[in-house]
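Novice: Quick one: the structure is below, questions incoming.
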Amino acid sequence: MMDHIRGPWTIAVYTWREGMRKKTLIGFLILSILVIFGSSFMTAFMTQTTVGDAQTDIEAKLIKDICVTAISIFGVLITIFISASVVPNEVENKVVYTVLSKPVRRFEYLIGKFLGVQLIVIINLVLMGALFFIALYLKQRIMPTLLLWSIFLTYFEFLIVSAFTFAVSCASTSSVLPTIAGLFIYITGNMTEYLNDVYVRAGQTGQWLDAMVGKVAYVLYQVLPNLQNFSLRNQILYLQPNDPPRDVLIPNLIVYGLVYALAGYLIAYWVFRRKEL
Amino acid sequence: MKRPSNIIFACLLVVALTLGAIQGCHIRRLRQSETFYRWILAEATQYRLFPDFNAQPADVEDKAMMDRPLFQEILDVAEKVLPEQNATDDKGNPLKRLIAVTSDESKDRIIWDLARGSALAKQRGDFLKYLGQKKLSSVASEFDPNAVYGEQGANVGIGNIFFGFRKLAANFVWLQVDRYWHQGMLHRMVPLMKTCVALDPNFVDAYLVGAWHLAYNATAKMSDTPEPLKKYYPKYGARLGEKELYYYLAVDFLKDGIRKNPRNYKLYFDLGFSVYELKLKDYPNAVKYLSEAIRHRHDRWVPRQLCIALELNGQYQEALAGWEDYLRKFPDNTTAPRFIPREKALIKEMEAEKAAERARNAKDPAEAEAARAETERLRGEAVKMWQDLAGGGQEEDPFAVGRIMRMKAQKLIEEQRYFEAIAVLQNAWSKSASFATEALNMIIDVKLKAGIPLSVSEKKAVMRREEAEKYKNAPPEATSSEGK
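Protein chains in written order, with the working numbering: chain A, 1 to 277; chain B, 1001 to 1484.
If you want it as structure tokens, here you go:
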């Protein structure tokens, strides 16, 4: 039993070490750090003569909005690049043959790789979140605890993107296609609501194709993950401490993220187990 | 071997996607209920606080707005569903159950359960329908009504980078507002401030600073408008000039913020304190909004300002109770121990005034004599209290000094020793800033009563007073032309 855990864990740690050495990721991380710290300097454009507390609050809001955006953009880029590259790179370098020739099953190998990707994403998020936390603390001198929930929810959004990008990467031999697919997944995931619009507006011409498009849009709207649900992560920073909807939504969003991550992983394994290696 | 395994995978995948779809539907319903819940809070706050709530909102597109009928339906359903609340409004009238529950922030969970429960299922459906049809525009953002009550669509995800990330854009618009302010271009600031809160209706500080600019900075270099140049504004029920109109624009701006952020105390505080109390000297409204501010999670100084507003509004008993309560909560506070004896002295003064009034109105000489004796006794006690306050501390309290001199002058006026009363009042004018305006008015009144010639500035003050009185009693139609 321990071997079934130790094997994937070793692969995960190895993937993490390898991933953290990637120049692209380090580049994104440095850029995000620059933006997060830069947000504090953005407030320097405001002349310091507006009413005291409101001035501080506006500066804090600027920092929050810029940092949440920076974490969203750079975080998802890191997630997509790493999820898209771990498996194709190993296939390209032929390391996968060496690993799979050992007593490691494809299932365990893939779990290890997926966990490794998650470790990288989590560590990057923790780093960016910590900087955000410090920037906000220096401005407001209070512990922004709701920020932790915001970062936590951001992770579950990335988990869905990561799982589906990982699935595409398992079918690919290079990391270019899965990277493009990952960006596509993130953008379409944020625009799922438009499918509902298509469904609502469909059928107006009375032609069967129009009606059919509406039905297809409706099915896709129901089945595809809607990443806009995670917009609560922005709202959370401005809500009152005792907000009842937030308390109900957070656990539901975590379950949502886990279910779609499982679906993504199942697709990944389904593809990878049939792959000729 | 391959086929059944593929089927199992396909089944597992279908199960996972179905679970995801079910969870997605559940979250969507929760998000819709959340939007509905926030709208109920906003509407209930307007119903309770804004007297013109029942007025049909102005609509540029000439559509029938559904805010009011829908909320009325919700009120009726809530009356049957919610338990009795035993809450009353300022005038002692019983509050509707939903209104009573929404006025207490700690009961928000009850409203949330109601908003997502089956009791309001029909109204929730109607609400979503009207929201989609933009028939709830009385408090909605012109860009997207959903952005006011729900967060979806208003965030800064990649999708919105392509379609306008509003929250971030609002910040950059605000930077431009700040730049204009320092360049003195107020005429450019006002529309941008409105754009800013239209982009991000939850940008509370934009409302606060915007209202401050309107009420204070915009009017800083303006003189008070002479009465004949003022116009009647039916919306505000007052005659206003260019300068005074800015105060009401600040009121409107903050009220708009309250509609969109009903749980934020800062908006109520600024409306009550900065605008109504300091600028408009409208103390009943100052008390109203400061009382609302302390219903919500607030900072430590908010109850102090409420007590001061209560005192200015002549509610000395309530102010005293407020200060005593404040001292119980914050025993280290140094302000409350100064104000508690002050309120007690004001109450004593008020009792003395009531006794004097009884003495003036009494028909029975014995009763009148008894009331006069009581007046003397109460005045003596009040003077003693003020003297303790005036000399009790390390520094002389100018407010107490002013009150002592006021009482002294009043006694002299009653004894018809007008020249001495004027001398006391002139002395008080220089010694007590808080009493200065009242002292000047009292001097004019004494001079008019005693037939003593007025100075040039006093004559001008009398003219201004008469002019204000003339227009105050004039019908709005006779004095208004375009102030709509």
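Backbone N, C-alpha and C fix where the C-beta goes; we use that ideal spot for every residue, glycine too. In this text, all values refer to a predicted model and were calculated from it rather than measured experimentally.
Taking only beta carbons into account, state which residues of the stretch 1097-1121 of chain B come closer than 7 Å to chain A, listed in chain order.
Specialist: Per Cβ criterion, the list reads D1108, R1109, W1112.
Novice: So W149 of chain A and I250 of chain A are in contact, right, with Cβ under 8 Å, and what is the actual spacing, rounded?
Specialist: Stepping through the first sequence from its first residue, residue 149 of chain A is reached at position 149. Stepping through the first sequence from its first residue, residue 250 of chain A is reached at position 250. 6 Å between Cβ atoms; contact.
Novice: Can you round the beta-carbon distance between I160 of chain A and G257 of chain A to whole angstroms, since I take them to be within the 8 Å contact cut?
Specialist: For the purposes of this step, residue 160 of chain A is identified with residue 160 of the first sequence, where counting begins at 1. For the purposes of this step, residue 257 of chain A is identified with residue 257 of the first sequence, where counting begins at 1. Yes, they are in contact, since the Cβ atoms of I160 of chain A and G257 of chain A sit about 6 Å apart, within 8 Å.
Novice: Does the beta-carbon of E97 of chain A have 16 or more other beta-carbons within 10 angstroms, so that it is buried, or is it exposed?
Specialist: Along the first sequence, read from residue 1 onward, the residue named residue 97 of chain A stands at position 97. The identity of residue 97 of chain A in the sequence shown is Tyr, whereas the question assumes Glu. Classification for Y97 of chain A: exposed.
Novice: Per DSSP, what are the beta-bridge partners of R233 of chain A in this structure?
Specialist: The sequence position of residue 233 of chain A within the first sequence is 233, counting from 1. Paired residue(s): none; R233 of chain A is not in a bridge.
Novice: Beta-carbon separation of A1461 of chain B and E1227 of chain B under 7 Å?
Specialist: One-based indexing of the second sequence puts residue 1461 of chain B at position 461. One-based indexing of the second sequence puts residue 1227 of chain B at position 227. Cβ distance not < 7 Å, so A1461 of chain B and E1227 of chain B don't count as in contact.
Novice: Nearest to I1007 of chain B by CA position, among A:E276, A:L277, A:W270, A:F132, is which residue?
Specialist: Here residue 1007 of chain B corresponds to residue number 7 of the second sequence, with the count starting at 1. It is A:W270 whose Cα lies nearest to the Cα of I1007 of chain B.
Novice: Give the single residue among A:R273, A:P245, A:T173, A:Y186 whose Cα lies nearest to the Cα of I1027 of chain B.
Specialist: Stepping through the second sequence from its first residue, residue 1027 of chain B is reached at position 27. Measuring from the Cα of I1027 of chain B, the nearest candidate turns out to be A:P245.
Novice: Report yes if the C-beta distance between T1219 of chain B and K1235 of chain B is below 7 Å; otherwise report no.
Specialist: By one-based count along the second sequence, residue 1219 of chain B stands at place 219. By one-based count along the second sequence, residue 1235 of chain B stands at place 235. It is not a contact, given that the beta carbons lie outside the stated cut-off.
Novice: Please report the straight-line C-alpha distance between M1385 of chain B and P1303 of chain B, rounded to a whole angstrom.
Specialist: Counted from its first residue, the second sequence places residue 1385 of chain B at position 385. Counted from its first residue, the second sequence places residue 1303 of chain B at position 303. Rounded to whole angstroms, M1385 of chain B to P1303 of chain B spans 25 Å at the Cα level.
Novice: Taking DSSP as the reference, what is the three-state secondary structure of T205 of chain A?
Specialist: Locating residue 205 of chain A in the first sequence gives position 205, counting from the first residue. Coil at T205 of chain A, not helix or strand.
Novice: In chain order, what residues of the same chain have a beta carbon less than 6 Å from the beta carbon of K1210 of chain B, not counting five sequence neighbours either side?
Specialist: Sequence index remark: in the second sequence, residue 1210 of chain B carries index 210 (1-based). The identity of residue 1210 of chain B in the sequence shown is Gly, whereas the question assumes Lys. Here the set comprises M1193, F1253.
Novice: Grab the span of the alpha helix (DSSP H) containing L159 of chain A for me, first residue to last.
Specialist: Position 159 of the first sequence holds residue 159 of chain A. It spans 146-170 - the alpha helix (DSSP H) in which L159 of chain A sits, taken as one unbroken run.
Novice: Residue ranges of each alpha helix (DSSP H) run of no fewer than 4 residues wholly in the stretch 84-121 of chain A, ordered along the chain?
Specialist: DSSP runs (the alpha helix (DSSP H)) wholly in the stretch 84-121 of chain A: 95-100.
Novice: Starting from Y1232 of chain B, follow the beta strand (DSSP E) in both directions and report where the run begins and ends.
Specialist: As a position in the second sequence, residue 1232 of chain B is number 232, starting the count at 1. 1231-1233 is the span of the beta strand (DSSP E), which, as asked, contains Y1232 of chain B.
Novice: Mind checking which residues open and close the alpha helix (DSSP H) that includes A1119 of chain B?
Specialist: Position 119 of the second sequence holds residue 1119 of chain B. No alpha helix (DSSP H) holds A1119 of chain B; DSSP gives it neither H nor E.
Novice: Tell me which residue opens and which closes the beta strand (DSSP E) that R1239 of chain B is part of.
Specialist: As a working note, residue 1239 of chain B is residue 239 in the second sequence. Here the beta strand (DSSP E) through R1239 of chain B covers 1238-1240.
Novice: Anyone know if the C-beta pair for Y1276 of chain B and L1312 of chain B falls short of 7 Å?
Specialist: Locating residue 1276 of chain B in the second sequence gives position 276, counting from the first residue. Locating residue 1312 of chain B in the second sequence gives position 312, counting from the first residue. Result no, Cβ atoms of Y1276 of chain B and L1312 of chain B do not sit closer than 7 Å.
Novice: Report the rounded CA-to-CA distance for I185 of chain A versus L1049 of chain B, giving the unit in angstroms.
Specialist: In the first sequence, counting from the first residue as 1, residue 185 of chain A sits at position 185. In the second sequence, counting from the first residue as 1, residue 1049 of chain B sits at position 49. In a straight line, the C-alpha of I185 of chain A is about 47 Å away from that of L1049 of chain B.
Novice: So that I know if they touch, is there some Cβ in chain B lying closer than 7 Å to that of W270 of chain A?
Specialist: If you number the first sequence from 1, residue 270 of chain A lands on position 270. Yes, its Cβ sits closer than 7 Å to a Cβ of chain B.
Novice: Beta-carbon of Q222 of chain A versus every beta-carbon of chain B: anything under 7 Å?
Specialist: Walking along the first sequence from the start, residue 222 of chain A turns up at place 222. Taking Cβ atoms only, chain B reaches closer than 7 Å to Q222 of chain A, which makes this a yes.
Novice: For L1448 of chain B, count neighbouring C-beta atoms within 10 Å of its own C-beta (all shown protein chains included) and say buried if the count is 16 or more, exposed if not.
Specialist: Start at 1 with the first residue of the second sequence, and residue 1448 of chain B comes out as number 448. Exposed is the call here.
Novice: Run the CB neighbour count on W16 of chain A, radius 10 Å, all protein chains shown included, and call it buried at 16 or more, exposed below.
Specialist: Counted from its first residue, the first sequence places residue 16 of chain A at position 16. The residue in question, W16 of chain A, is buried, as its Cβ has 16 or more Cβ neighbours within 10 Å.
Novice: If you drop the 5 nearest sequence neighbours on each side, which residues of the same chain put their C-beta closer than 8 Å to that of K1230 of chain B?
Specialist: Position 230 of the second sequence holds residue 1230 of chain B. So the qualifying residues of the chain are R1239, L1240, G1241, E1244, Y1471, T1479.
Novice: Run the CB neighbour count on A1205 of chain B, radius 10 Å, all protein chains shown included, and call it buried at 16 or more, exposed below.
Specialist: As a working note, residue 1205 of chain B is residue 205 in the second sequence. Going by the sequence as given, residue 1205 of chain B is Asp instead of Ala. Looking at its Cβ environment, which holds 16 or more other Cβ atoms inside 10 Å, D1205 of chain B is buried.
Novice: Counting only C-beta atoms, is P245 of chain A closer than 7 Å to chain B at any point?
Specialist: For the purposes of this step, residue 245 of chain A is taken as residue 245 along the first sequence, with counting starting at 1. Yes - at least one Cβ of chain B is within 7 Å of the one on P245 of chain A.
Novice: If you draw a straight line from the alpha carbon of M1222 of chain B to that of R1403 of chain B, how long is it in whole angstroms?
Specialist: Counting from 1 along the second sequence, the entry for residue 1222 of chain B is found at position 222. Counting from 1 along the second sequence, the entry for residue 1403 of chain B is found at position 403. In a straight line, the C-alpha of M1222 of chain B is about 33 Å away from that of R1403 of chain B.
Novice: Examine the Cβ distances between the stretch 1371-1383 of chain B and the stretch 1341-1360 of chain B and report whether three or more of them are shorter than 8 Å.
Specialist: They touch, by the three-pair rule.
Novice: Would you say K1408 of chain B reaches chain A, if we count a Cβ-Cβ gap shorter than 7 Å as a contact?
Specialist: By 1-based counting over the second sequence, the position of residue 1408 of chain B is 408. No, its Cβ sits nowhere closer than 7 Å to a Cβ of chain A.
Novice: May I ask you to list, following chain order, the residues of the stretch 1289-1300 of chain B that have a beta carbon less than 7 Å from some beta carbon of chain A?
Specialist: Listed by position along the chain: R1297.
Novice: Looking only at its chain, what residues have a beta carbon closer than 8 Å to the beta carbon of V1287 of chain B, apart from the 5 residues adjacent to it on each side?
Specialist: Counting from one through the second sequence, the residue named residue 1287 of chain B turns up at place 287. Only G1272, L1306, A1309, L1310, N1313, Q1315 meet the Cβ criterion.
Novice: Verify the CB distance criterion: does A263 of chain A have a CB-CB separation below 7 Å to chain B?
Specialist: Counting from 1 along the first sequence, the entry for residue 263 of chain A is found at position 263. Chain B, which has a Cβ nearer than 7 Å to the Cβ of A263 of chain A, makes this yes.
Novice: Tell me the DSSP secondary structure of T15 of chain A in three-state form.
Specialist: What you label residue 15 of chain A is simply residue 15 of the first sequence in a count that begins at 1. The answer is helix: DSSP assigns T15 of chain A an H, G or I state.
Novice: Please work out which residues of its chain come closer than 6 Å, Cβ to Cβ, to V178 of chain A, disregarding the five sequence neighbours upstream and downstream, and give them in chain order.
Specialist: One-based indexing of the first sequence puts residue 178 of chain A at position 178. Residue identity differs from the one stated: residue 178 of chain A is Pro in this sequence, not Val. Same-chain partners within the cutoff: A84, T165, V168, S169, S172.
Novice: Taking only runs of the alpha helix (DSSP H) that begin and end inside the stretch 1082-1120 of chain B, which ones reach a length of at least 4 residues, in chain order?
Specialist: Runs of the alpha helix (DSSP H) inside the stretch 1082-1120 of chain B: 1097-1102, 1108-1116.
Novice: I need the DSSP call for Q1426 of chain B, collapsed to helix, strand or coil.
Specialist: For the purposes of this step, residue 1426 of chain B is identified with residue 426 of the second sequence, where counting begins at 1. If DSSP states are grouped into helix, strand and coil, Q1426 of chain B belongs with the helices.
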